[in-house]
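**Student:**
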Amino acid sequence: MDLIAIVVGLHLFVFGICVEGQGLSYNFYENSCPQVEAIVRAAIQPIFLTDPTSPAAFLRLMFHDCQVQVSCADILVLAAREAVVVSGGPQIKVALGRRDSPFAPSYKHADSLLPSATTGVDGMLQLFANKEMTVEESVAIMGAHTLGVTHCLNILNRLNQADEGGQVQGMAPGFESFLRLNCPQGSLASNASFVLNDPTTLTFDNHYYKNVIRGHGVLRVDTEMIMDPRTAMAVKRFAANQDDFFQAFSSAFVKLSNSGVLTGNQGVVRKNCNALD
Ligand code: HEM
79 MDLIAIVVGL HLFVFGICVE GQGLSYNFYE NSCPQVEAIV RAAIQPIFLT DPTSPAAFLR
139 LMFHDCQVQV SCADILVLAA REAVVVSGGP QIKVALGRRD SPFAPSYKHA DSLLPSATTG
199 VDGMLQLFAN KEMTVEESVA IMGAHTLGVT HCLNILNRLN QADEGGQVQG MAPGFESFLR
259 LNCPQGSLAS NASFVLNDPT TLTFDNHYYK NVIRGHGVLR VDTEMIMDPR TAMAVKRFAA
319 NQDDFFQAFS SAFVKLSNSG VLTGNQGVVR KNCNALD
């Protein structure tokens, strides 16, 4: 599915009906477009129904948009919020009024702003501390990995870093064998093959943390979170109590989606999300 095309379509649809006001607030579209949330919901529900992988993609897209200021920010935040709810996660109240970036970063620059598959707990905590998140919120936002998949391309590097005993640090031996079987070294399919981020990959729940505790974390940061004394307690708490996870995730989601936004007269409102006009 071409997510950009869908977001462009959504933007044109909402932009055609709504006129933006000023600032970032919970009633930003109250007069100009009181139905905005329902409009976005109605537009993306059919996508969720026809493509079960789309909630994960929308959630990740929102994160990447927040990192590199792409565009159509309000709509991406609303779409990500719906993605969480439709998958069984919490209903998150978000403030609106983001404007679009007047610039488009190059692919190379955009990539440099995103965390890589080899990012560890240090990098993760630094990234989210810059967005005013507490350690607990940082661990909670990583719970987004309760949805979706990781491609073998992003796993092979990790499997190559086995210690002298042939083991990847912190990874359960059975899980390591599973990954090696599904992501064979040198496989030409490493960009096409993938593993699930957690066994309930379509459901937004706290299985991600249970997996991390069992040594079934797919990415380096997943595994390190239970080994690092700064993050281990929150991992255990979220694994034991889904409500605590949902609450901390909601607060982290709001901080992530409010960070570095353009409001008021800043930036532009693009009629076409993937073009600077
Ligand atoms: C240090 C922080 C993070 C790192 C290093 C990281 C890394 C990754 C990597 C390597 C993948 C696999 C991509 C692939 O192989 O296709 C992935 C998937 C994903 N990430 Fe993250 N991520 C981070 C934070 C986040 C955050 C904050 C969110 C959302 C709020 C998020 C949401 C997702 C989702 C939903 C997927 C699955 C995408 C899909 O299946 O379409 N991640 N992440």
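Take the sequence shown: its letters are residues 79 to 355, numbered as in our numbering. Where a beta carbon is used, it is the ideal one built from N, C-alpha and C, also for glycine.
Can you find the residues in the same chain that come closer than 7 Å, C-beta to C-beta, to Val296, ignoring five residues on each side of it along the sequence?
**Tutor:** Cβ neighbours of Val296 beyond the five flanking positions: Thr228, Ile233, Val273 and Asn275.
**Student:** Excluding the 5 residues preceding and the 5 following Ser103 in the sequence, name in chain order all residues of the same chain whose CB lies nearer than 8 Å to its CB.
**Tutor:** These residues qualify, in order along the chain: Ala173, Leu174 and Gly175.
**Student:** What residue does the alpha helix (DSSP H) around Leu154 start on, and which one ends it?
**Tutor:** Segment Ala151 to Val164, the alpha helix (DSSP H) holding Leu154.
**Student:** Roughly how many whole angstroms lie between the Cα atoms of Ser255 and Thr278?
**Tutor:** So the alpha carbons of these two residues sit roughly 20 Å apart.
**Student:** Under 6 Å Cβ to Cβ from Lys333, same chain only, skipping five residues before and after it: list those, please.
**Tutor:** Lys209, Glu210 and Met211, listed in sequence order.
**Student:** Just verifying my parser: in three-state terms, what is the DSSP assignment at Val75?
**Tutor:** Lying before the first or after the last residue shown, residue 75 is absent from the chain, which here runs from 79 to 355.
**Student:** Assess, as a yes-or-no matter, whether the segment 141-157 is touched by the segment 306-318 under the definition of 3 or more beta carbon pairs within less than 8 Å.
**Tutor:** Too few Cβ pairs lie closer than 8 Å, so no.
**Student:** What I want to know is whether the C-beta of Asn105 ends up closer than 7 Å to one or more non-hydrogen atoms of ligand 1.
**Tutor:** Checking every heavy atom of ligand 1 against the Cβ of Asn105, none is found closer than 7 Å.
**Student:** Roughly how many whole angstroms lie between the Cα atoms of Met305 and Gln247?
**Tutor:** Approximately 10 Å between the Cα atoms of the pair.
**Student:** Is Ala353 helix, strand or coil by DSSP?
**Tutor:** Correct three-state label for Ala353: coil.
**Student:** Quick test of your reading: Tyr286 and Gly198, contact by CB under 8 Å. State the CB separation rounded to the nearest angstrom.
**Tutor:** No, Tyr286 and Gly198 are not in contact; Cβ-Cβ is about 17 Å, not under 8 Å.
**Student:** Do Tyr107 and Val114 count as a contact pair if the criterion is CB distance below 8 Å?
**Tutor:** Their beta carbons are under 8 Å apart, which means Val114 touches Tyr107 by this criterion.
**Student:** Could you give the C-beta distance for Arg159 and Gly226, rounded to a whole number, given that I count them as a contact under 8 Å?
**Tutor:** That pair is no contact at about 16 Å.
**Student:** By how many angstroms is the C-alpha of Ser110 removed from the C-alpha of Gly99?
**Tutor:** The predicted position of Gly99 is uncertain, since its pLDDT is 44 and thus under 50; a value taken from the coordinates is nonetheless stated next. Rounded to whole angstroms, Gly99 to Ser110 spans 7 Å at the Cα level.
**Student:** Among residues of its own chain, excluding the 5 on either side of Asp21, which ones have a beta-carbon nearer than 7 Å to its beta-carbon?
**Tutor:** Nothing about residue 21 can be read from this structure; the chain reaches only from 79 to 355.
**Student:** Reducing DSSP to helix, strand and coil, say where Ser216 ends up.
**Tutor:** If DSSP states are grouped into helix, strand and coil, Ser216 belongs with the helices.
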